[in-house]
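One structure is given below, encoded as structure tokens.
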Amino acid sequence: MEKAIRIDQIFKNETAHLEKEVTIQGWVRTRRDSKAGISFIEVNDGSCLRNLQVIADRSRPELESVVERLATGCAVQVQGVVQASPGKGQSIEVHAERIDLFGWADPAVYPLQKKRHSFEFLRTIGHLRPRTNTLGAVARIRNRLSFAVHQFFQKEGFFYVHTPIITSSDCEGAGEVFRVTTLDPAAPPAPGNPDGNVYSQDFFEKPAYLTVSGQLQAEIYALALGKVYTFGPTFRAENSNTSRHLAEFWMIEPEMAFYDLQDNLELAQSFIKYVISAVLDDCQEDLNLFARFVEPTLMETLETLVRETFQVITYTEAVEILKKSGESFDYPVEWGTDLQSEHERYLTEKKFRKPVAIIDFPRAIKPFYMRVNDDEKTVAAVDVLVPRVGEIIGGSQREERLDVLLKQMEIKAVPAEEYQWYVDLRRFGSAPHSGFGLGLERLVQFTTGLGNIREVIPFPRTPGHADF
RNA sequence: UCCCCGGUAGCUCAAUCGGCAGAGCGGGUGGCUGUUAACCACUAGGUUGGCGGUUCGAGUCCGUCCCGGGGAGCCA
């Protein structure tokens with residue numbers, strides 16, 4: 001293969017490439033002809049949002065024979081010289097010496113056109129949608145965020161831990177689970193086998209599930225390595241059809257020994273600010289696309305997040321604020337119940353207009369592993385809310401006291417025998433520790449302003465959909 | 001899962017009170033031009049999501065199913 005230069009590298013230093021010969025490889029976005037003389041071919045190679053304009057002199061038969069076939073979607077390689085462009089809209093262009101057509105795309109049936117498509121339609125062509133401006137920009141921003149996650153934790157001295165995808169505990173208090181089995185539901189094991197236990201014939205010889213969280217296992221490593229994080233796929237079998245839920249998504253879960261809730265909160269704040277800053281610094285072109293065509297307030301929201309300190313309030317204070325707000329909510333605000341979406345949106349979008357961290361939730365509405373506060377009515381939990389998306393982070397200080405944890409498990413009806421290893425962590429060298437979970441897709445939604453989570457993951461899995 | 005809205009040409013959409021199914025873009029053909037969502041002319045393209053019903057007549061009204069979107073719950 002010819003050694004090609006990526007288009008973003010040319011745009012990064014245009015003057016250095018002037019009058020130089022380059023080879024580019026990519027896909028034709030548009031072709032405009034000047035029958036008398038030349039064709040204008042815009043090529044995109046995915047390295048950046050912008051296309052590079054290629055000029056082809058059609059009086060040269062070897063070019064004409066290729067150019068006449070070029071249509072939107074064709075894969076090409078172009079060799080030519082970078083020159084200053086006399087036209088408007090671009091400062092440089094490539095004057096083609098040679099054009100190779102690798103893969104033709106029949107314009108009569110190629111689904112992508114030189115026009116706006118609806119996101120719904122693009123979802124039906126998941127194999128082609130990353131070739132659009134918007135979905136390409138999503139992919140680059142998602143990549144930058146993911147890389148920034150590792151950069152942040154590595155510079156802070158965290159270790160990346162791979163927690164299991166398959167687990168055998170199903171009651172972690174985080175929703176419905178997918179079963180993992182090699183048994184054939186169309187031909188289940190015959191009843192009445194010797195021990196009467198169908199799972200004895202299954203692969204793991206007991207019920208197994210796809211993970212809903214790596215937190216409990218991350219706690220194991222936090223209590224050995226000090227500071228760890230997980231970043232991997234997570235699964236929820238909830239039958240929820242919303243613009244904010246996926247059956248398969250990517251979650252980031254840091255877990256830190258010797259961190260209390262306050263330390264946890266400070267980490268969460270510096271973490272979000274770091275990854276958003278990375279995108280603001282390195283993805284300006286892509287962000288501008290979203291600010292122009294998707295969410296006009298995008299830049300202001302992102303810059304506010306980076307600049308301002310998060311508002312921290314207790315759950316009890318939040319309830320008081322909501323009751324005094326004078327807003328007419330569809331759902332009543334009452335201490336002891338979960339805050340509704342409308343309540344969260346009021347706090348972060350109207351009242352404080354920036355990220356809001358709510359701490360110290362009622363014990364009754366939070367999972368067993370959260371640390372019970374001295375008032376015994378609340379737990380050391382934190383939810384971080386951001387405008388448009390709502391809850392982006394959920395975390396807590398974990399209950400490190402053996403007796404209190406056992407009591408919590410009893411109250412929440414969590415079978416202690418299944419969590420012997422988890423309880424053991426409190427029995428042997430227990431230490432205060434904390435952590436939180438952040439859904440990558442929610443973060444990408446927040447960063448791009450896209451309303452539907454199905455646009456921010458390459459291949460969305462939702463109830464009734466596991467295509468591509 | 002619940003509530004609301006929608007499904008019309010390849011795509012984005014229109015069609016008044018129930019009365020001949022349309023436009024733009026895209027495709028094809030021809031023309032024109034250092035073009036920029038190029039432009040001009042001509043042209044092809046439809047079981048109006050499926051099934052059933054009301055009616056002289058249904059894209060339009062009724063029932064039902066399927067699919068999509070928005071919102072809610074649950075959560076990240």
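All residue numbers for the first sequence refer to the UniProt record's numbering, where the first residue is 1 and numbers rise by one.
For every residue, glycine included, the Cβ atom is placed at its ideal position computed from N, Cα and C.
None of these values were measured; they are calculated from a predicted model.
Where residue 141 falls, given that 16 or more other Cβ within 10 Å makes a residue buried: buried
field: Per-residue DSSP class, three states only, for residue 233
entry: strand
field: Member of 183, 253, 381 whose CA lies at the smallest distance from the CA of residue 214
entry: 253
- prompt: The beta strand (DSSP E) with residue 427 in it runs from where to where?
  reply: Premise fails: residue 427 lies in the alpha helix (DSSP H), 420 to 427, not in any beta strand (DSSP E).
- prompt: What number of angstroms, rounded off, separates the C-alpha of residue 340 from the C-alpha of residue 386?
  reply: 14 Å
- prompt: CA-CA distance, residue 286 and residue 296?
  reply: 14 Å
- request: Please determine if the segment 430 to 440 and the segment 392 to 406 are in contact, where contact requires at least 3 C-beta pairs separated by less than 8 Å.
  value: yes
task: Check whether the segment 250 to 266 touches the segment 276 to 293, taking contact to mean three or more Cβ pairs, one atom from each stretch, closer than 8 Å.
output: no
task: Could you tell me the boundaries of the alpha helix (DSSP H) in which residue 270 lies?
output: 261 to 282
Residue 390 and residue 345 closer than 8 Å at C-beta: yes
query: Does the Cβ of residue 152 have 16 or more other Cβ atoms within 10 Å, making it buried, or fewer, making it exposed?
result: buried
task: Name the one or two DSSP bridge partners that residue 505 has.
output: Here the chain comprises residues numbered 1 to 468, so residue 505 is not present and cannot be evaluated.
message: Quick check: the segment 353 to 363 against the segment 305 to 325, are at least 3 beta-carbon pairs closer than 8 Å?
response: yes
message: To the nearest angstrom, how far is the alpha carbon of residue 347 from that of residue 388?
response: 11 Å
query: From 211, 182, 451, pick the residue whose C-alpha is nearest to that of residue 198; which is it?
result: 182
message: Applying the 10 Å Cβ sphere with the 16-neighbour rule, what's the burial state of residue 135?
response: buried
The segment 217 to 236 / the segment 446 to 460 touching (three or more Cβ pairs under 8 Å): no
- request: Locate the alpha helix (DSSP H) running through residue 9, then write down its first and last residues.
  value: 7 to 12
message: Short of 6 Å in beta carbon distance, which residues of its chain neighbour residue 47, apart from the five on each side in sequence? Order them along the chain.
response: 6, 7, 8
message: Could you tell me the alpha carbon to alpha carbon distance between residue 220 and residue 257, rounded to whole angstroms?
response: 10 Å
- prompt: Looking at C-beta atoms only, is the number of pairs between the segment 94 to 101 and the segment 69 to 80 that lie closer than 8 Å three or more?
  reply: yes
message: For residue 355 and residue 440, I'd like the C-alpha separation in whole angstroms.
response: 17 Å
query: Thinking just about the alpha-carbon of each residue, which of 338, 406, 392 is nearest to the one in residue 268?
result: 392
- prompt: For residue 32 versus residue 39, is the C-beta spacing smaller than 8 Å?
  reply: yes
query: Skipping 5 residues on each side, what residues in its chain have a beta carbon closer than 7 Å to that of residue 104?
result: 69, 74
query: Which parts of the segment 381 to 456 are runs of the alpha helix (DSSP H), unbroken and 4 residues or longer, counting only runs that do not cross its ends?
result: 402 to 411, 420 to 427, 440 to 448
query: Measuring CA to CA, which of 131, 351, 274 is closest to residue 324?
result: 351
query: For residue 165, which residues from the same chain have a beta carbon less than 6 Å from its beta carbon, with the 5 sequence-adjacent residues on both sides left out?
result: 211
query: Who are the Cβ neighbours of residue 322 in its own chain at under 6 Å, not counting the five residues just before and after it?
result: 333, 343
- prompt: Which word fits residue 335, buried or exposed, when buried means at least 16 other C-beta atoms lie within 10 angstroms of its C-beta?
  reply: exposed
- prompt: If we ignore side chains and look at the alpha-carbon of each, how far apart do residue 375 and residue 383 end up?
  reply: 19 Å
- prompt: When DSSP builds the beta bridges, which residues end up paired with residue 141?
  reply: Residue 141 pairs with nothing; no bridge assigned.
- prompt: For the candidate residues 163, 144, 204, whose alpha-carbon lies nearest to that of residue 216?
  reply: 163
field: Opening and closing residue of the beta strand (DSSP E) in which residue 299 lies
entry: Where residue 299 is concerned, there is no enclosing beta strand (DSSP E), although the alpha helix (DSSP H) it sits in stretches over 298 to 307.
- prompt: Residue ranges of each alpha helix (DSSP H) run of no fewer than 4 residues wholly in the segment 45 to 132, ordered along the chain?
  reply: 61 to 67, 119 to 124
message: Please state whether the Cβ-Cβ distance between residue 463 and residue 247 is less than 8 Å.
response: yes
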